[in-house]
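Single-structure report; data block below.
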Amino acid sequence: MKRTGILFFPAFDWSLGDSHPEREERLLYTQEQLFEEGVLDLPQIKQYSPRVASLKDVLRTQALFPNPEAHTEGLDPHLISAGSSLLLGEAQVKGEIHNGFVMARPPGHHSGATVWGNRGFCSLNNEAILVNYLRAGFGKKKIAIVDTDVHHGDGTQDIFYHDPNVLFISLHQDGRTLYPGSGFVNEKGGFNAWDLTLNIPLPPGTGDEGYHYVLENWVLPRLHAFAPDIIINSAGQDNHFTDPLASMNLTAAGYGRITELLQPDLAVLEGGYSIEGALPYVNLAILLALAGEDYHHVREPQKIKRNTVTLAALKPYIQELKRQQEAAKPSLSFQSKPFFPSGNWIYSPHSVYYDTEGFQETRHDYVRECSDCGGTVYIESRKYTEKSILVRIPFQACASCEQAGYDLWEHLQNSKESFSYGFLQNQLHDSHYVWNRKEGLRKF
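Residue 15 in the UniProt record's numbering is what sits at position 15 of the sequence shown, and the numbering runs on without skipping anything.
Here it is as structure tokens:
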């Protein structure tokens, strides 16, 4: 029997406000619906209890600035949400389950490579932490993430933008009409991982027919060509026609079909804020599809009131998006610092707005050009006047990029440059270090 794992974590002690859409009721109504339908009594359904991710699990993927201790207050539910993804992911790769659905909150896909706080309701990136956990602990080489949340998965994109062994695909409402304002077709990955990021911004009003057309004619061919060891679905549910924060027209049965088409090894809950009108039915349809059961009978109580983009109107739009995506070329700026090791360093400045807390992070990213691996990454990150630095030696780093990372790290510890915190993320050997002048060196 092919078993489907399920894990609930409503995070009773974490909320952005009693009336905020991101609150524990998001999952409580779902639990009631699943109990009511008797789905949890199906012989192929196996329930799991949550667990807590360690700081090392997080730091393998994300740098917590200005230091990990600055995040301890209020981080526990995020660590449990991330740990729940690790637990079910581990069960899947060990063969305990065929697939699984992590119904945990808080969500995570807006949280990027550097973390100063919460943005888009996200502090830790559950799927990204899971991906690198499976690579470090279980030898997974190639992983695909398909993000079907209505918002662009900008944090996940940021983390894997230079990684040639992770395919990231995001289908979302056009960033010109919705937070976070990113996710356009020219965002195709860093130079060392070009064309391994695929963004498909869809017009408001896209419904079931449109989503299924895009999946069948664009997403699935890319997945098959990449041939990943595992597929993870960032299963946001805010594309539903009743969601208060977006403008799409998916139905619960439409979500079931998305799941049936993608055949994810693991679905991880992201957004979705129609707490009573959508989530119990969408989650039910997704779980039924994962378990190989009929989901077509799942009907939400409300009817679609928004105008839906017809497939006839959507097809030329998608064809033009494809043309633009295929025509996009890397836009490179080479720049280095006097202490950088040899090689060509690609420079990319950008800023990240933390909408939940109302501040701006300024980043200066450098990646070493390499045809053999993802390249050494050096990031200077600043919040107000406080500066922290990340050095990353990537998974499967070549000898030159590994040495470049060590050289950068040694320079930073001996330099007189003023920064709050330095972090070496050595993914190659799964060893991670933090350093500052007061406390010296610590290993995680």
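From the three backbone atoms N, C-alpha and C, an ideal C-beta is built for every residue, glycine too. Model, not experiment: these values are computed from the prediction.
Going by DSSP, which residues form a beta bridge with residue i?
i, result
"valine 115", "Leu64"
"histidine 6", "The question names histidine, but residue 6 in the sequence shown is isoleucine. Paired residues: Gln47 and Phe101."
"glycine 440", "Asn436"
"aspartate 229", "Answer by DSSP bridge pairing: none, since aspartate 229 is not bridged."
"residue 474", "The structure shown does not extend to residue 474, since the chain is modelled only from 1 through 444, so no value can be given for it."
"alanine 136", "DSSP, once it has assigned bridges, lists no residue as partnering alanine 136."
"glutamine 425", "Arg392 and His432"
"phenylalanine 191", "According to DSSP, which records beta bridges pairwise, phenylalanine 191 is partnered with nothing at all."
"glutamate 386", "Lys383"
"asparagine 249", "Gly207"
"histidine 240", "Leu250"
"tyrosine 406", "Tyrosine 406 pairs with nothing; no bridge assigned."
Leaving aside the five residues before and after residue i along the sequence, list all residues of the same chain whose C-beta is less than 6 Å from its C-beta, in chain order.
i, result
"leucine 34", "Leu40"
"glycine 254", "Asp208"
"leucine 314", "Gly210"
"leucine 160", "In the sequence as displayed, the identity of residue 160 is phenylalanine instead of leucine. Only Val166 and Phe168 meet the Cβ criterion."
"threonine 177", "Pro204"
"histidine 296", "Ala253"
"threonine 206", "Met248 and Val309"
"alanine 66", "Residue 66 is actually proline in this sequence, not alanine. So the qualifying residues of the chain are Glu386, Ser388, Ser420 and Tyr421."
Going along the chain, which residues of its own chain have a beta-carbon closer than 8 Å to the beta-carbon of residue i, five neighbours each way excluded?
i, result
"lysine 56", "His432 and Phe444"
"methionine 103", "Ile6, Leu7, Phe8, Phe9, Leu27, Thr30, Leu269 and Asn283"
"asparagine 414", "none"
"valine 298", "Ala252, Ala253, Gly256, Tyr281, Leu284, Ala285 and Leu288"
"isoleucine 80", "Phe9, Ala11, Pro50, Arg51, Val52, Ala53 and Ala104"
"proline 32", "A quick correction: the sequence has glutamate, not proline, at residue 32. These residues qualify, in order along the chain: Pro280."
"arginine 363", "Thr114, Pro349, His350, Ser351, Val352, Ile379, Glu380, Ser381 and Arg382"
Would you kindly work out how many angstroms separate the C-alpha atoms of residue i and residue j, rounded to a whole number?
i, j, result
"cysteine 373", "glutamate 361", "28 Å"
"cysteine 370", "tyrosine 273", "42 Å"
"arginine 442", "arginine 60", "14 Å"
"glutamate 417", "glutamate 386", "12 Å"
"leucine 288", "glutamate 260", "10 Å"
"leucine 198", "glutamate 127", "17 Å"
"serine 46", "leucine 279", "Before going on, a small fix: residue 46 reads as lysine here, not serine. Their backbone Cα atoms lie some 21 Å apart in a straight line."
"histidine 350", "glycine 38", "49 Å"
"asparagine 202", "proline 107", "According to the sequence provided, residue 202 is leucine. The question's asparagine does not apply to it. Rounded to whole angstroms, leucine 202 to proline 107 spans 22 Å at the Cα level."
"valine 391", "glutamate 69", "19 Å"
"glutamine 44", "alanine 91", "14 Å"
"valine 131", "threonine 148", "17 Å"
"serine 400", "tyrosine 406", "10 Å"
"tyrosine 421", "glutamine 62", "14 Å"
Mark residue i as exposed unless 16 or more other C-beta atoms lie within 10 angstroms of its C-beta, in which case mark it buried.
i, result
"glycine 89", "buried"
"histidine 429", "exposed"
"histidine 162", "buried"
"phenylalanine 12", "With a pLDDT of 49 at phenylalanine 12, under the threshold of 50, the modelled position of that residue is not reliable, and no figure is offered here."
"lysine 376", "Sequence check: residue 376 is threonine here, not lysine. Threonine 376 should be labelled buried."
"aspartate 294", "exposed"
"threonine 384", "Sequence inspection shows tyrosine at residue 384; the threonine mentioned does not correspond to that position. By the neighbour-count rule (16 or more Cβ atoms within 10 Å), tyrosine 384 is not buried but exposed."
"arginine 323", "exposed"
"threonine 72", "exposed"
"threonine 310", "exposed"
"residue 471", "Given that the chain is displayed from residue 1 to residue 444, the structure contains no residue 471 and the question cannot be resolved."
"glutamate 326", "exposed"
"glutamate 410", "exposed"
"serine 123", "buried"
"proline 301", "exposed"
Ignore the nearest five residues each way along the sequence and tell me which others in residue i's own chain have a CB closer than 7 Å to its CB.
i, result
"glutamate 357", "Gly117 and Asn118"
"glutamate 276", "Tyr29"
"glycine 440", "none"
"alanine 228", "As written in the sequence, residue 228 is proline, which differs from the alanine given in the question. Hits under 7 Å: Lys142, Ile143, Ala144 and Leu167."
Are the C-beta of residue i and some C-beta of chain C separated by less than 8 Å?
i, result
"alanine 113", "Within the model displayed, chain C is absent; a lone protein chain is all it includes."
Verify the contact flag: residue i, CB atom, against every heavy atom of the ligand HEM, threshold strictly below 7 Å.
i, result
"asparagine 436", "The ligand HEM is not part of the structure shown, which contains no ligands of any sort."
Can at least three beta-carbon pairs, one atom from the region 336-346 and one from the region 242-258, be found at a separation below 8 Å? Result no; under three Cβ-Cβ pairs closer than 8 Å.
Taking 8 Å as the threshold, find out whether the region 214-227 comes into contact with the region 390-398 through three or more Cβ pairs. Too few Cβ pairs lie closer than 8 Å, so no.
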